[in-house]
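Enquirer: For the working numbering, count along the sequence shown from 1 and bump the result up by 9. Note that beta-carbon positions come from the ideal geometry of N, C-alpha and C, so glycine has one too.
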Amino acid sequence: MDQFHDIRPYNDDEVVGVLHNLVDTPDFINTIVGFRFAGWPKLLHAPLALAVKFALKRQVAGINNVHDFQMRVAGYMDRMIKTTTSDVEYRGIEKLDKGVGYLFLSNHRDIAMDPAFVNYGLYLAGLNTVRIAIGDNLLRRPFVSDLMRLNKSFIVKRSVNGIREMMAAFGQLSSYITHSLTKDQCNIWIAQKEGRAKDGVDQTDPALIKMLYMSQKKEKVSFAEAMANLKIVPVSISYEYDPCAFDKAQELHEKSTTGNYEKSEFEDIDSIKNGIVGQKGKVVVTFGDVLKEGIDTPEALVAEVDRQIITNYAIQASNEAALAIQQGKPSTDSAFATYLESCPQALRDTVVAMYANPLKQQQKYLSE
């Protein structure tokens with residue numbers, strides 16, 4: 010029996026059927042029309058939908074398995090990198106071995122682009138792409154779930170209710186991750202905590218580490234041995250510019266001034282879109298060192314992951330400029346000053362803090 014059937018990515022033999030269903034899904038087609046032809050007259054919507062559906066049928070005709078699908082995604086990544094970044098740099102990837110399943114435990118800035126950039130680096134280096142952890146809060150529209158699972162995403166059930174159901178979901182997730190790494194020798198990407206670090210402060214959630222241990226704990230494996238089995242690699246992702254920065258700042262501002270923030274129904278989908286098409290400047294992905302056996306408590310492991318993510322974070326000109334502004338010094342980067350001019354006045358302090366915090370965190374670690 011497939012004990013992971015409701016959370017795992019799609020298998021090769023499921024790809025063709027899922028793609029055909031997607032092409033016949035009006036919500037999917039209408040979303041593409043709205044995305045690609047925003048601002049066009051509504052009377053053209055129906056013929057555009059037919060054209061999109063016809064074009065998609067032609068495109069998916071040659072996709073027969075997950076690898077085919079990911080090769081198509083790689084083509085889109087090429088174009089996205091050329092149009093939305095000034096440079097993409099990978100550091101430390103040469104330390105990784107082929108045929109080994111690593112757990113990439115990453116800081117989190119962008120819903121879709123964080124794992125996408127990690128994936129692209131692995132692909133360029135000839136390594137296996139990752140299975141991506143994604144929260145079910147992002148999957149309110151069925152076609153989004155299908156697209157993600159075609160691209161080797163697996164589902165984290167965050168919306169379950171009740172302690173018993175939650176523990177069962179975490180146990181299934183822990184077993185799936187351990188099975189992927191130790192039995193399938195597949196790479197995994199998962200964020201260091203639930204949700205993006207909207208304030209720019211990177212911090213690992215101890216509950217995540219305890220979840221990772223659940224399946225091996227049942228087998229009486231020690232914590233230190235269990236974590237070594239997972240071959241955890243901390244990953245630091247650094248964007249010169251965050252396409253969703255102003256939206257994140259708006260959320261933080263509302264929470265600080267009113268004590269509450271209500272997400273719109275498909276806000277996360279908009280964040281995914283904006284993260285893909287928005288300008289990012291330079292992007293640096295740094296792979297840390299594999300965590301070895303000898304870390305015997307969740308707290309010690311959290312401390313080591315945080316240390317690597319923060320100290321390996323590639324400081325950008327935007328981080329230095331933001332900290333200078335906070336300290337009342339002249340801006341060190343005219344491009345960042347121009348960028349801030351497009352930010353609503355009420356959000357500027359929040360945006361500046363967002364960019365300054367990674368540098369402040371790093372300086373604190375290096376000074377200790």
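Tell me whether Asn283 sits in a helix, a strand or coil according to DSSP, three-state version.
Expert: helix
Enquirer: Can you grab the Cα-Cα spacing for the pair Arg357 / Leu349, in whole Å?
Expert: Looking at the two C-alpha atoms, the distance is approximately 7 Å.
Enquirer: DSSP three-state label for Ala323, please.
Expert: coil
Enquirer: Do you know offhand how far Ser340's Cα is from Val361's?
Expert: 11 Å
Enquirer: With Leu190 and Gly110 assumed to form a contact (beta carbons below 8 Å), what rounded beta-carbon distance in angstroms separates them?
Expert: 4 Å
Enquirer: Give every residue of the same chain whose Cβ lies closer than 6 Å to the Cβ of Asp305, excluding the five residues on either side of it in the sequence, and list them in chain order.
Expert: Phe232 and Ala233
Enquirer: Nearest CA to the CA of Gln288: which residue from Met175, Phe13 and Asp96?
Expert: Asp96
Enquirer: Sorted by chain position, which residues of the same chain lie with C-beta nearer than 7 Å to Phe113's C-beta, five sequence neighbours on each side aside?
Expert: Excluding positions up to five away in sequence, the list reads Val127, Val139, Asn196, Ile197, Trp198, Val242 and Val244.
Enquirer: Just checking my contact of Asp119 with Cys253 at CB under 8 Å: how many whole Å lie between their CB atoms?
Expert: 7 Å
Enquirer: To which residues of the same chain is Val82 closer than 7 Å at the C-beta, ignoring the five residues directly before and after it?
Expert: Excluding its 5 nearest sequence neighbours in each direction, Val82 has C-beta neighbours in its own chain below 7 Å: Asn160, listed in chain order.
Enquirer: For the segment 78-94 against the segment 178-194, are there 3 or more C-beta pairs whose distance is under 8 Å?
Expert: no
Enquirer: Between the alpha carbons of Tyr248 and Ala333, how many angstroms are there, rounded?
Expert: 18 Å
Enquirer: With distance defined between alpha-carbon atoms, name the residue in Gln201, Val153 and Val42 nearest to Met220.
Expert: Gln201
Enquirer: Taking all protein chains shown into account, decide if Thr393 is buried (16 or more other Cβ within 10 angstroms of its Cβ) or exposed.
Expert: Look at the range of the chain in this structure, 10 to 377, and you will see that residue 393 is not part of it.
Enquirer: Is Thr266 helix, strand or coil when you go by DSSP?
Expert: helix
Enquirer: Kindly indicate which three-state DSSP category Ser245 falls into: helix, strand or coil?
Expert: Secondary structure of Ser245 (DSSP, three-state): strand.
Enquirer: Assuming Ile38 contacts Ala58 under a Cβ cut-off of 8 Å, what Cβ separation, rounded to an integer in Å, is found between them?
Expert: Correct: roughly 5 Å between the Cβ atoms.
Enquirer: Looking at the structure shown, is Val230 part of a helix, part of a strand, or coil, going by DSSP?
Expert: coil
Enquirer: Give, in chain order, every unbroken run of the beta strand (DSSP E) that is at least 3 residues long and sits entirely within the segment 284-368.
Expert: 290-296
Enquirer: Taking just the CA atoms, how far does Pro56 sit from Phe46?
Expert: 12 Å
Enquirer: What residues are listed by DSSP as bridge partners for Tyr99?
Expert: Val294
Enquirer: Whole-angstrom Cβ separation of Gln370 and Asp211, contact assumed at under 8 Å?
Expert: Your pair Gln370 and Asp211 checks out as a contact, with CB atoms roughly 7 Å apart and the cut at 8 Å.
Enquirer: Helix, strand or coil: how does DSSP classify Thr94 here?
Expert: Residue state, collapsed to three classes: strand.
Enquirer: Can you tell me whether Ile120 is helix, strand or coil according to DSSP?
Expert: Residue state, collapsed to three classes: coil.
Enquirer: Keeping to the same chain, check which residues put their C-beta closer than 7 Å to that of Ala121; ignore five residues upstream and five downstream.
Expert: Ile281, Gly284 and Ile285
Enquirer: Helix, strand or coil for Ile16, going by three-state DSSP, please let me know.
Expert: coil
Enquirer: Identify whether Asn146 lies in helix, strand or coil by the three-state DSSP scheme.
Expert: In the three-state reduction of the DSSP assignment, Asn146 falls in the helix class, which pools H, G and I.
Enquirer: Taking the C-alpha atoms as reference points, what is the distance between Ala178 and Leu147?
Expert: 17 Å
Enquirer: In whole angstroms, what separates the C-alpha of Leu375 from that of Ala326?
Expert: 19 Å
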